[in-house]
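2 protein chains.
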Amino acid sequence: MNNLTRRQSQVLEYLEQCQERTGLAPSTREIQEHFGFASQTAALNHLRALERKGVIRRQAGKARAVAIASQLRREQIVDVPVYGSIAAGMGEAALEQEEEGMVSIDAVTVGLSRGARLFALRVRGDSMEGAHLTEGDLVILEQRPGRSGDIVAALIDGETTLKRLVVDRAGAWLKAENPRYPQLHPMEGLSVQGVMVAMVRRCGVAA
Amino acid sequence: MNNLTRRQSQVLEYLEQCQERTGLAPSTREIQEHFGFASQTAALNHLRALERKGVIRRQAGKARAVAIASQLRREQIVDVPVYGSIAAGMGEAALEQEEEGMVSIDAVTVGLSRGARLFALRVRGDSMEGAHLTEGDLVILEQRPGRSGDIVAALIDGETTLKRLVVDRAGAWLKAENPRYPQLHPMEGLSVQGVMVAMVRRCGVAA
DNA sequence: ATTATTCATGTTCGATTGAACAGTAGCTTG
DNA sequence: CAAGCTACTGTTCAATCGAACATGAATAAT
Numbered sequence: 042m043n044n045l046t047r048r049q050s051q052v053l054e055y056l057e058q059c060q061e062r063t064g065l066a067p068s069t070r071e072i073q074e075h076f077g078f079a080s081q082t083a084a085l086n087h088l089r090a091l092e093r094k095g096v097i098r099r100q101a102g103k104a105r106a107v108a109i110a111s112q113l114r115r116e117q118i119v120d121v122p123v124y125g126s127i128a129a130g131m132g133e134a135a136l137e138q139e140e141e142g143m144v145s146i147d148a149v150t151v152g153l154s155r156g157a158r159l160f161a162l163r164v165r166g167d168s169m170e171g172a173h174l175t176e177g178d179l180v181i182l183e184q185r186p187g188r189s190g191d192i193v194a195a196l197i198d199g200e201t202t203l204k205r206l207v208v209d210r211a212g213a214w215l216k217a218e219n220p221r222y223p224q225l226h227p228m229e230g231l232s233v234q235g236v237m238v239a240m241v242r243r244c245g246v247a248a
Numbered sequence: 042m043n044n045l046t047r048r049q050s051q052v053l054e055y056l057e058q059c060q061e062r063t064g065l066a067p068s069t070r071e072i073q074e075h076f077g078f079a080s081q082t083a084a085l086n087h088l089r090a091l092e093r094k095g096v097i098r099r100q101a102g103k104a105r106a107v108a109i110a111s112q113l114r115r116e117q118i119v120d121v122p123v124y125g126s127i128a129a130g131m132g133e134a135a136l137e138q139e140e141e142g143m144v145s146i147d148a149v150t151v152g153l154s155r156g157a158r159l160f161a162l163r164v165r166g167d168s169m170e171g172a173h174l175t176e177g178d179l180v181i182l183e184q185r186p187g188r189s190g191d192i193v194a195a196l197i198d199g200e201t202t203l204k205r206l207v208v209d210r211a212g213a214w215l216k217a218e219n220p221r222y223p224q225l226h227p228m229e230g231l232s233v234q235g236v237m238v239a240m241v242r243r244c245g246v247a248a
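Below, the structure is given as structure tokens:
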């Protein structure tokens, strides 16, 4: 795969750098200037060599028409906003506000359709330990109605928590995946804010 | 944020579409043709409007110099190759071959430095349940020597497994985070293939 | 020794392209 | 009703830019 000459690697690296910084591919003359070539043809030849080796793709005649193959092959990436840990009284409006950061991940590995409204919450406490969720885990949820057995972020009697949703003859209620926590049967109402579709854990110094 | 007119949204959508398909921003004349404008100025004005509203960034005079702001703000994204589940006798060479797919995730949320050599493995079995890892979880590992307490993929007596690394007076050994599994004390040697730095779980129909 | 490849210079050509200028029309706001 | 914004048309200009051609030199492969 890496049968590139030193110069070609340098040019490729410069291309990646440009696209990360400016979102834009450089023109042949910009490449020329960056490497101190006396001729623009030198840059053009390197681009042609990289294209021949399949590392980049170009479109004849068009300006700055350089795309890095590895980034095109990549699956679509979704940006998921992270709202703090689960807070009481979190409504639709509140979701828009308390943005804490972003997670970007490719759509395929988390198995979600583009267009789905997503958000993420950080797990607090150990009430879902039985479902292998622990303090600090980042749960990605989709805003849609939940089915029995789903892990959901739900608003129950004015407070929002992450629990497993159970629907049976007794109606809908929430079950903590930890024997030390009680089942939650709604007094007034239960509204599902989102259904867990994926999870990301970051291991710091110690897991 | 979304104080865009209908046309402006359409143009923005077209820009995103172009960059996803070709990795390239369209020229004003391509925008003109796509929307059936009779004048190229119409496209240019829409770009100017989008820039004024902060949705895109442009560079005066340069061809196709359109970058979508939300994608520039995004953190660097790393591509991690996924090798199947943990197989026996997996060496450096084997790593290069049995590629199964790719995970793309932003570098910040998994907390890893760019340049680190990364790979991912799918967890098989329940020997690490105590560390909240379960069947099907995708563990992201960095190729570097492990420290005591790290969860590592290690080659021990010719077989590779995912376990917690413990280094004490008795030397280095592996500990399963599940009381039903034995501790692994190496007979011949123990070589750490990678240290767990993050984990991604995908929830299918049922979690 | 010959050939191919890489890396480079110097120049020219024509197409692509952003930008500017001069208008027209509809629609909303004060 | 004037002012301002959106949404265009039609035209011109000059800078940008890819591409081609001629040429040369160093290195690796055959």
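Those sequence lines, one after another, are chains G and H. Terminal number for the first sequence in this note's numbering: 248, no gaps in between. Terminal number for the second sequence in this note's numbering: 248, no gaps in between. For each residue, glycine too, the CB sits at the ideal point set by N, CA and C. Keep in mind that this is a model prediction, so the values were computed, not measured.
Worksheet entry | C-alpha gap between M188/H and A213/G, whole angstroms | Along the second sequence, one-based indexing puts residue 188/H at 147. Along the first sequence, one-based indexing puts residue 213/G at 172. One point to set straight first is that residue 188/H is Arg, not Met, in the sequence displayed. Taking the straight line joining both Cα atoms gives about 46 Å.
Fill in: Whole-angstrom C-beta distance between V180/G and V193/G, which should lie under 8 Å
Here residue 193/G refers to the residue found at position 152 of the first sequence. Here residue 180/G refers to the residue found at position 139 of the first sequence. Going by Cβ atoms, the distance from V193/G to V180/G rounds to 10 Å, so no, they are not a contact pair.
Practice prompt. Say whether chain G places a C-beta atom closer than 8 Å to the C-beta of D209/H.
Written response: Along the second sequence, one-based indexing puts residue 209/H at 168. Taking Cβ atoms only, chain G never reaches closer than 8 Å to D209/H, which makes this a no.
Fill in: Beta-carbon proximity list for S154/G, same chain, < 8 Å, skipping 5 on both sides
Translated into positions along the first sequence, residue 154/G becomes position 113. Hits under 8 Å: A148.
Item to complete: Step through the CB atoms of chain G and report whether any lies within less than 8 Å of the CB of L215/H.
Response: On the second sequence, position 174 is the one that residue 215/H refers to. By this cut-off, L215/H is not an interface position.
Worksheet item: For a contact meaning CB atoms closer than 8 Å, what does V144/G contact in chain H?
Response: As a position in the first sequence, residue 144/G is number 103, starting the count at 1. Residues of chain H passing the Cβ test: I146, D147, T150.
Worksheet item: Can you round the beta-carbon distance between L206/G and D191/G to whole angstroms, since I take them to be within the 8 Å contact cut?
Response: Locating residue 206/G in the first sequence gives position 165, where the first residue counts as 1. Locating residue 191/G in the first sequence gives position 150, where the first residue counts as 1. Contact between L206/G and D191/G holds, with the beta-carbon distance rounding to 5 Å and staying under 8 Å.
Practice prompt. Could you give the DSSP three-state label for R242/H: helix, strand or coil?
Written response: For the purposes of this step, residue 242/H is taken as residue 201 along the second sequence, with counting starting at 1. Three-state DSSP puts R242/H in a strand.
Worksheet item: According to a CB-to-CB cut-off of less than 7 Å, which residues of the segment 70-97 of chain G neighbour chain H?
Response: Against chain H - using a Cβ distance shorter than 7 Å - the segment 70-97 of chain G contributes no residues.
Item to complete: Note down the Cα distance separating M169/H from G177/H, rounded to an integer number of angstroms.
Response: Counting from 1 along the second sequence, the entry for residue 169/H is found at position 128. Counting from 1 along the second sequence, the entry for residue 177/H is found at position 136. Pairing M169/H with G177/H, the inter-Cα distance amounts to about 12 Å.
Worksheet item: I think E57/H touches I109/H, with their Cβ atoms under 8 Å apart; what is that distance to the nearest whole Å?
Response: As a position in the second sequence, residue 57/H is number 16, starting the count at 1. As a position in the second sequence, residue 109/H is number 68, starting the count at 1. Contact check for E57/H and I109/H: beta-carbon distance about 6 Å, within the 8 Å limit, so the pair qualifies.
Worksheet item: Which one of F76/G, P122/G, Q184/G, G171/G has the shortest CA to CA distance from G235/G?
Response: Looking up residue 235/G in the first sequence gives position 194. The shortest C-alpha separation from G235/G is found at Q184/G.
Discussion item. Is C244/G close to chain H? Criterion is C-beta to C-beta, closer than 8 Å.
Written reply: Working through the first sequence from its first residue, we reach residue 244/G at position 203. So yes, C244/G belongs to the interface.
Worksheet item: Going by C-alpha distance, which of A217/H, L159/H, Q112/H is nearest G171/H?
Response: As a working note, residue 171/H is residue 130 in the second sequence. Minimum Cα distance to G171/H is reached at A217/H.
Worksheet item: What are the uninterrupted segments assigned as beta strand (DSSP E) that are 3 or more residues long and contained completely in the segment 78-106 of chain H, given in chain order?
Response: Segments of the beta strand (DSSP E) lying fully in the segment 78-106 of chain H: 97-99.
Discussion item. Please confirm whether G212/G has its beta-carbon closer than 8 Å to some beta-carbon of chain H.
Written reply: To locate residue 212/G, count along the first sequence from 1; it is residue 171. Answer no: the Cβ-Cβ gap between G212/G and chain H never drops below 8 Å.
Worksheet item: For G230/G, does the count of other Cβ atoms within 10 angstroms reach 16, so buried, or fall short, so exposed?
Response: In the first sequence, residue 230/G corresponds to position 189, counting from 1. It is exposed - the Cβ of G230/G has fewer than 16 other Cβ atoms within 10 Å.
Worksheet item: Quick one: does A195/H have its CB under 8 Å from some CB of chain G?
Response: For the purposes of this step, residue 195/H is taken as the residue at position 154 of the second sequence. Not one chain G Cβ lies under 8 Å of A195/H.
Discussion item. Less than 8 Å between C-beta atoms, sequence neighbours within five positions excluded: which residues of the same chain meet that for N219/H?
Written reply: The residue labelled residue 219/H in the question sits at position 178 within the second sequence. Within the same chain, N219/H has close Cβ partners D167, S168, M169, E170, G171.
Practice prompt. Following the continuous beta strand (DSSP E) through A211/G, name the residue where it begins and the one where it ends.
Written response: For the purposes of this step, residue 211/G is taken as residue 170 along the first sequence, with counting starting at 1. Note, A211/G: premise wrong, no beta strand (DSSP E); not H, not E.
Worksheet item: For T63/G and chain H, any beta-carbon pair shorter than 8 Å?
Response: Position 22 of the first sequence holds residue 63/G. It does: the Cβ of T63/G has a partner Cβ on chain H nearer than 8 Å.
Worksheet item: Using the C-alpha atoms, what's the distance from P186/G back to T46/H?
Response: If you number the second sequence from 1, residue 46/H lands on position 5. If you number the first sequence from 1, residue 186/G lands on position 145. Straight-line Cα distance between these residues: approximately 31 Å.
Discussion item. I want to see whether chain H comes within less than 8 Å of L203/G, judged by CB atoms only; does it?
Written reply: Residue numbering aside, residue 203/G sits at position 162 when the first sequence is read from its first letter. Taking Cβ atoms only, chain H never reaches closer than 8 Å to L203/G, which makes this a no.
Practice prompt. Alpha carbon to alpha carbon, how far is A83/G from T202/H? Give it in angstroms, no decimals.
Written response: In the second sequence, residue 202/H corresponds to position 161, counting from 1. In the first sequence, residue 83/G corresponds to position 42, counting from 1. Looking at the two C-alpha atoms, the distance is approximately 50 Å.
Fill in: chain G within 8 Å of Q112/H, Cβ atoms only
Within the second sequence, numbered from 1, the residue matching residue 112/H stands at position 71. At a cut-off of 8 Å between beta-carbon atoms, Q112/H makes contact with chain G.
Worksheet item: DSSP on A63/H, reduced to helix/strand/coil?
Response: Working through the second sequence from its first residue, we reach residue 63/H at position 22. This sequence places Thr at residue 63/H; Ala is not what is there. In the structure shown, T63/H falls within a helical segment according to DSSP collapsed to helix, strand and coil.
Worksheet entry | Residues that DSSP places opposite A195/H in a beta bridge | Taking the second sequence and counting its residues from 1, the one referred to as residue 195/H is at position 154. BP columns for A195/H point to T202/H, V233/H.
Practice prompt. Quick one: residues in its chain with C-beta nearer than 8 Å to the C-beta of Q51/H, no 5 flanking neighbours on either side, listed in chain order?
Written response: Working through the second sequence from its first residue, we reach residue 51/H at position 10. Within the same chain, Q51/H has close Cβ partners F76.
Item to complete: Could you work out which residues of chain H lie near L179/G, taking near to mean beta carbons separated by less than 9 Å?
Response: Here residue 179/G corresponds to residue number 138 of the first sequence, with the count starting at 1. Contact of L179/G with chain H by beta-carbon distance below 9 Å involves T150.
Worksheet item: Going along chain G, which residues have a C-beta under 9 Å from A239/H?
Response: In the second sequence, residue 239/H corresponds to position 198, counting from 1. For the C-beta of A239/H, the chain G residues within less than 9 Å are, from N- to C-terminus, V241, R242, R243, C244.
Worksheet entry | Reference Q49/H, options A79/H, A90/H, E74/H, closest by Cα | Start at 1 with the first residue of the second sequence, and residue 49/H comes out as number 8. Closest in alpha carbon position to Q49/H, among A79/H, A90/H, E74/H, is A90/H.
Discussion item. Quick test of your reading: V238/G and L182/G, contact by CB under 8 Å. State the CB separation rounded to the nearest angstrom.
Written reply: Looking up residue 238/G in the first sequence gives position 197. Looking up residue 182/G in the first sequence gives position 141. Contact holds; Cβ gap of about 7 Å.
Worksheet entry | M240/H, buried or exposed, once every other Cβ within 10 Å from all chains shown has been counted against 16 | Position 199 of the second sequence, counted from the start, is the residue given in the question as residue 240/H. That one is buried.
Discussion item. Taking CB distances under 8 Å as the criterion, tell me whether E229/H reaches chain G.
Written reply: Walking along the second sequence from the start, residue 229/H turns up at place 188. Not closer than 8 Å to any Cβ of chain G, the Cβ of E229/H fails to qualify, so no.
Worksheet item: From R105/H to L65/H, what distance separates their C-alpha atoms?
Response: Stepping through the second sequence from its first residue, residue 105/H is reached at position 64. Stepping through the second sequence from its first residue, residue 65/H is reached at position 24. Approximately 8 Å, taken between the alpha carbons.
Practice prompt. Examine chain G for any beta-carbon lying closer than 8 Å to the beta-carbon of E116/H, and answer yes or no.
Written response: Residue 116/H sits at position 75 when you count from the first residue of the second sequence. Yes, because at least one Cβ of chain G sits closer than 8 Å to the Cβ of E116/H.
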